[in-house]
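Participant: Chains as they are written, first to last, in this note's numbering: chain A, 259 to 442; chain B, 206 to 632. Positions of the beta carbon are idealized from the N, C-alpha and C atoms, including for glycine.
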């Protein structure tokens, strides 16, 4: 049943984005900036860390509902697990993605982002507060989210999204982000 | 437009699956080790016997946890062999031994979460049945000449050795023989698989020698070698027969192979044609006149006798010493203060300026200047007073335990000397 609703939601978003109307006016060649924070669920060897990052990004709608977006992020908080004496942190995050966004309907808009993320993953010896290992990782990037217009300033919006930053056999990094965007 | 948007979306979806890059193994292991509470790792070998080629060795990596329990983490650690051509990693904790020409102790290790644990295993070749030695045929690879008659080796030559062997039904021939131990009876020397007789003194005539090889406890046949004193001429020569004071003249023995050049003994003597005696040195064929030419009164009368000898045979050549090209030489500095504080850390930089007879400034390369610093009370500086690394400049400092106060600084370049007596070490 869970799988069924998951597939239904996915198909709904795809339908909204691919079959909805995309008026030329208001979307083509519009520039926007994004400021948000993402709390990650970084799973390494079955141990879960939750380091957070702050991000700043910008994008350009070059087709109705389609934008090229770039974001840069830095660590705002590593996460330590004191009982194990280890910690983890993400740093130097760079994301380049294509954003597919539906038009606003009663102030809400859905979006999907597909692209590539690159970042440094650090593992800490929390007892000494010393970085023990650092790896530069990159992977395909996926995000899905919902954006809400601020009534008084329609160019301003806030959004909540679920993102996947990295996945391999040993490490999985996902996150939930919240932030603001402004359309020029 | 909608079609374009859909195509972009589909393309991006495929890009999502673009390959992941980066290595998370060490981070993964580090966190796993912390999660499990691993304190140390040890290696447990299945057996300690010598490993024969084709056989497997199984090893377990056991982790000692904080709780006191042991955990088999053989599947989580990374396995490495120190010599994969003899002992290869065949699986997690499984090593496979390969053919080796001699019993070999091979190290191996595991790595996990930044920890490295090492061990070793002995890989033995199959039992050796026979071993024979001979000489490789010159110019023909893969042929080893073993004969009961004695081999003749000319004076000051090198001959390549080879071995033939048989073990467990398989025979081998090797021209690369570093794996065997060579036993020579006389002054003959085996180096890099060559029998070299340059050290054998043949001044008294031919010399017999017996050599054999040993491998894994098996001794080979005896090789009877007759070193023949038959050299007619060693032929040493140099680009010229003149050596300028302070410079080098390089002699070479062209008729000898490059392999034997290090064994040629060189000697240089000043033949007494005039006064005073020259202080010359020669090594590896490079002749150098070290003294200062200011003592020379008659340049036409100065010469050295250079002798090269190899396995008892020698050859001579002569070289005449000629006046240095340096006409004027002086030591210069850019410091106004010539009093150096003892224990101070501000050096004075001294350089040499030299000109030839036409007034042209001579270029000075590194290694051409010999610097001396001694007490002003000494008439001249001695060889013990040498300073620096023969560079074109000298960085002069007074050390904390310096006892001398008034100093003399000398610099010798191409046989000419310059000196300064206006520097002092002060408290």
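1) Please confirm if residue 603 of chain B has its CB atom under 8 Å from at least one CB of chain A.
2) For residue 554 of chain B and residue 309 of chain B, I'd like the C-alpha separation in whole angstroms.
3) Going along chain B, which residues have a C-beta under 7 Å from residue 393 of chain A?
4) Do you know offhand how far residue 602 of chain B's Cα is from residue 247 of chain B's?
5) Rounded to whole angstroms, what's the CA-CA distance from residue 546 of chain B to residue 581 of chain B? Just pull it up for me.
6) So, is residue 311 of chain B buried or exposed, given that buried needs 16 or more other C-beta atoms within 10 angstroms?
7) When you compare only the Cα positions, how much space is there between residue 419 of chain B and residue 386 of chain B?
8) Contact between the segment 458-467 of chain B and the segment 390-407 of chain B: three or more CB pairs below 8 Å?
9) Could you check the C-alpha separation between residue 571 of chain B and residue 595 of chain B for me, to the nearest Å?
10) Is it buried or exposed, residue 279 of chain A, if we count other Cβ atoms within 10 angstroms and call 16 or more buried?
11) Please list the terminal residues of the continuous alpha helix (DSSP H) segment that includes residue 233 of chain B.
12) Are any of the Cβ atoms in chain A nearer than 8 Å to that of residue 239 of chain B?
13) Closest to residue 427 of chain B by C-alpha separation, out of B:509, B:336 and B:322, would be which residue?
14) Please confirm whether residue 270 of chain B and residue 243 of chain B have their CB atoms less than 8 Å apart.
15) For residue 346 of chain A versus residue 375 of chain A, is the C-beta distance shorter than 8 Å?
16) Pair every Cβ in the segment 402-412 of chain B with every Cβ in the segment 286-305 of chain B, then say whether three or more of these pairs are closer than 8 Å.
17) Could you list which residues in chain A have their beta carbon closer than 9 Å to that of residue 243 of chain B, in chain order?
18) Can a CB atom of chain B be found closer than 8 Å to the CB of residue 343 of chain A?
19) Please list the partners that residue 273 of chain B has in chain A, where partner means a Cβ-to-Cβ separation under 8 Å.
20) Go ahead and pull the three-state DSSP assignment for residue 592 of chain B.
21) Just the chain B side, please: which residues come within less than 7 Å of residue 211 of chain A by C-beta, in chain order?
22) Measure the Cβ-Cβ separation of residue 517 of chain B and residue 408 of chain B and say whether it is below 8 Å.
23) Could you give the distance in angstroms between the alpha-carbon of residue 427 of chain A and the alpha-carbon of residue 233 of chain B?
24) Does chain D have any CB closer than 8 Å to the CB of residue 319 of chain B?
25) Within the 8 Å Cβ cut-off, does residue 417 of chain A reach chain B?
26) Look up residue 392 of chain A in the DSSP assignment and say whether it is helix, strand or coil.
27) Show which residues of chain B have a CB atom less than 9 Å away from the CB atom of residue 354 of chain A.
28) List the residues that DSSP assigns as beta-bridge partners of residue 475 of chain B.
29) As a quick exercise: from B:388, B:370 and B:389, pick the residue whose alpha carbon is nearest that of residue 380 of chain B.
30) Cβ closer than 7 Å: which chain B residues qualify as neighbours of residue 426 of chain A?
31) Pick helix, strand or coil for residue 257 of chain B, following the three-state DSSP scheme.
32) Who are the Cβ neighbours of residue 491 of chain B in its own chain at under 7 Å, not counting the five residues just before and after it?
33) Three-state secondary structure (DSSP) at residue 379 of chain B?
34) Give the secondary structure of residue 613 of chain B by DSSP, where H, G and I count as helix, E and B as strand, and everything else as coil.
35) Should residue 435 of chain A be flagged as near chain B, meaning a C-beta pair shorter than 8 Å?
36) Across which residues does DSSP place residue 385 of chain B in a beta bridge pair?
Facilitator: In short:
1) Not closer than 8 Å to any Cβ of chain A, the Cβ of residue 603 of chain B fails to qualify, so no.
2) For residue 554 of chain B and residue 309 of chain B, the distance between alpha carbons rounds to 56 Å.
3) The answer, in chain order, is 227, 228, 229 and 232.
4) For the pair residue 602 of chain B and residue 247 of chain B, the Cα-to-Cα distance works out to about 55 Å.
5) If you draw a straight line from the Cα of residue 546 of chain B to the Cα of residue 581 of chain B, it is about 17 Å long.
6) Around the Cβ of residue 311 of chain B, a 10 Å sphere holds 16 or more other Cβ atoms; the residue is buried.
7) Each residue's alpha carbon lies about 5 Å from the other.
8) Counting Cβ pairs under 8 Å, three or more are found: they touch.
9) Roughly 6 Å between the two C-alpha positions.
10) In this prediction, residue 279 of chain A scores a pLDDT of 36, lower than 50, which makes its location untrustworthy; no coordinate-derived value is stated.
11) Annotation: the continuous alpha helix (DSSP H) that includes residue 233 of chain B extends over 230-241.
12) With 8 Å as the cut-off, residue 239 of chain B counts as an interface residue toward chain A.
13) Closest by alpha carbon: B:336.
14) Going by C-beta atoms, residue 270 of chain B is nearer than 8 Å to residue 243 of chain B.
15) Inclusion of residue 346 of chain A and residue 375 of chain A in the CB contact set at 8 Å is not warranted, their separation being larger than that value.
16) No: fewer than three Cβ pairs fall under 8 Å.
17) None at all; the shortest Cβ gap to chain A is about 11 Å.
18) Yes, residue 343 of chain A counts as interfacial toward chain B.
19) Ordered by position in chain A, no residue passes the 8 Å Cβ test against residue 273 of chain B, which lies about 18 Å from the chain.
20) In the structure shown, residue 592 of chain B sits in a strand (DSSP, three-state: E or B).
21) Because chain A here runs from 259 to 442, residue 211 of chain A falls outside it and cannot be looked at.
22) Yes, the Cβ-Cβ distance between residue 517 of chain B and residue 408 of chain B is below 8 Å.
23) Straight-line Cα distance between these residues: approximately 10 Å.
24) Checking the listed chains, one finds no chain D in this structure; the protein chains it contains are A and B.
25) For residue 417 of chain A, the answer is no, since every Cβ of chain B falls outside 8 Å of its Cβ.
26) If DSSP states are grouped into helix, strand and coil, residue 392 of chain A belongs with the strands.
27) The contacting residues do not exist; residue 354 of chain A stays about 10 Å from chain B at best.
28) Answer is B:509.
29) In terms of CA proximity to residue 380 of chain B, B:370 leads the group B:388, B:370 and B:389.
30) Residues of chain B passing the Cβ test: 225 and 229.
31) Note: residue 257 of chain B maps to coil in three-state DSSP.
32) Excluding positions up to five away in sequence, the list reads 453 and 455.
33) DSSP places residue 379 of chain B in strand when its eight states are reduced to three.
34) DSSP, reduced to helix, strand and coil, places residue 613 of chain B within a strand of the structure shown.
35) Cβ-Cβ to chain B under 8 Å: no for residue 435 of chain A.
36) Residue pairing from DSSP leaves residue 385 of chain B without any beta-bridge partner.
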